[in-house]
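Peer 1: Note that the sequence shown covers residues 13 to 188 in my numbering. Got a structure here, written out as structure tokens. Questions coming.
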Amino acid sequence: MTGPVAGVYHPFMADISPPPPVLDLVLRPHRSLSPAGFWIVMGILAVWSFAGGIVFWSIGAWPVIGFAGLDFALVYWAFRASYASARLYERLRLSEDELVVERVHPSGDGETFVFQPYWLRVEIDARPEHPSRLILASHGRTLTVGAFLPPSERTALAATLRDALGRLRRTPVPVP
């Protein structure tokens, strides 16, 4: 076994790996149209726009072809922007010592939030003025997670987190 310096043996260095997480979830926004479906929709739209443009050109309204092309380009751009925003994800890892929330934005930039699980509260804010929010709160800090999830999935996620935290809090911690 090697110590912190490669090739140096230390008899007291144990191969200690962190305990497995109690809960490990990755939350991603849902996109109802698959990539294959996207190309089918874009193909149908391209044929429709081209055929419509030809019809208008044949009756003398040739500028419509440019607008049909622009319409096609805008729809393509909107779909691509939607798929780009789908790269957002949040990973929640609950272990005996901490709840780590890693949020990765569509740009690839990430943020990490760490909470102590024994003091953590999981709240669903369901006021009629706005859609519900799943809030993690501890020691005066709050974090909204799963904002891109539908309300039913946020409710299920809250129940899953509460259940895992409850099991963790009931488990006695061994004293070394």
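The beta-carbon is built from N, C-alpha and C at its ideal position, and this holds for glycine as well.
Please state if the CB of PRO129 and the CB of LEU180 are separated by a distance shorter than 8 Å.
Peer 2: Counting from one through the sequence shown, the residue named residue 180 turns up at place 168. Counting from one through the sequence shown, the residue named residue 129 turns up at place 117. Result yes, Cβ atoms of LEU180 and PRO129 sit closer than 8 Å.
Peer 1: Does ARG99 pass the burial test, meaning 16 or more other C-beta atoms within 10 Å, or should it be called exposed?
Peer 2: Within the sequence shown, numbered from 1, the residue matching residue 99 stands at position 87. It counts as exposed.
Peer 1: Going by the beta-carbon positions, is the gap between LEU177 and LEU132 smaller than 8 Å?
Peer 2: Taking the sequence shown and counting its residues from 1, the one referred to as residue 177 is at position 165. Taking the sequence shown and counting its residues from 1, the one referred to as residue 132 is at position 120. Going by C-beta atoms, LEU177 is nearer than 8 Å to LEU132.
Peer 1: How close, in whole Å, do the beta carbons of VAL192 and VAL112 come, if the pair is a contact with beta carbons under 8 Å?
Peer 2: Outside the shown range of the chain, which is 13 to 188, sits residue 192, and nothing can be said about it.
Peer 1: Grab me the residues of ARG80's own chain with a C-beta within less than 6 Å of its C-beta, minus the 5 sequence neighbours each way, in chain order.
Peer 2: For the purposes of this step, residue 80 is taken as the residue at position 68 of the sequence shown. The sequence given here has Ala at residue 80, not Arg. Only SER61, GLY64 and GLY65 meet the Cβ criterion.
Peer 1: Alpha carbon to alpha carbon, how far is TYR88 from ALA73?
Peer 2: Locating residue 88 in the sequence shown gives position 76, where the first residue counts as 1. Locating residue 73 in the sequence shown gives position 61, where the first residue counts as 1. Whole-angstrom Cα-Cα distance: 24 Å.
Peer 1: Specify the secondary structure class of ALA149 as computed by DSSP and reduced to three states.
Peer 2: By 1-based counting over the sequence shown, the position of residue 149 is 137. Strand.
Peer 1: From the DSSP output, which residues share a beta bridge with PHE84?
Peer 2: Indexing the sequence shown from 1 puts residue 84 at position 72. In DSSP, PHE84 forms no bridge with anything.
Peer 1: When you compare only the Cα positions, how much space is there between PRO162 and PRO33?
Peer 2: Residue mapping note: residue 162 aligns to position 150 of the sequence shown, counting from 1. Residue mapping note: residue 33 aligns to position 21 of the sequence shown, counting from 1. For PRO162 and PRO33, the distance between alpha carbons rounds to 26 Å.
Peer 1: With DSSP run on the structure shown, which of helix, strand or coil describes GLY55?
Peer 2: Taking the sequence shown and counting its residues from 1, one reaches residue 55 at position 43. Note: GLY55 maps to helix in three-state DSSP.
Peer 1: Can you give the Cα-Cα distance for ILE147 and PHE50, rounded to whole angstroms?
Peer 2: In the sequence shown, counting from the first residue as 1, residue 147 sits at position 135. In the sequence shown, counting from the first residue as 1, residue 50 sits at position 38. When rounded, the distance between both Cα atoms is 34 Å.
Peer 1: Taking DSSP as the reference, what is the three-state secondary structure of VAL67?
Peer 2: For this step, residue 67 is matched to residue 55 along the sequence shown. Looking at VAL67 - three-state DSSP - the assignment turns out to be helix.
Peer 1: With distances taken from CA atoms, which of LEU39, ARG92 and ILE77 is nearest MET189?
Peer 2: In the structure as shown, the chain begins at 13 and stops at 188. Residue 189 is therefore absent and cannot be evaluated.
Peer 1: Nearest CA to the CA of ILE136: which residue from SER119, LEU173 and ILE52?
Peer 2: Within the sequence shown, residue 136 is the residue found at index 124, counting from 1. Looking at the Cα atoms, LEU173 is the closest of the given residues.
Peer 1: Can you give the Cα-Cα distance for PHE160 and ILE52, rounded to whole angstroms?
Peer 2: Counted from its first residue, the sequence shown places residue 160 at position 148. Counted from its first residue, the sequence shown places residue 52 at position 40. So the alpha carbons of these two residues sit roughly 26 Å apart.
Peer 1: How long is the line joining the alpha carbons of GLY120 and ILE77, rounded to whole angstroms?
Peer 2: Sequence index remark: in the sequence shown, residue 120 carries index 108 (1-based). Sequence index remark: in the sequence shown, residue 77 carries index 65 (1-based). One C-alpha to the other measures close to 38 Å.
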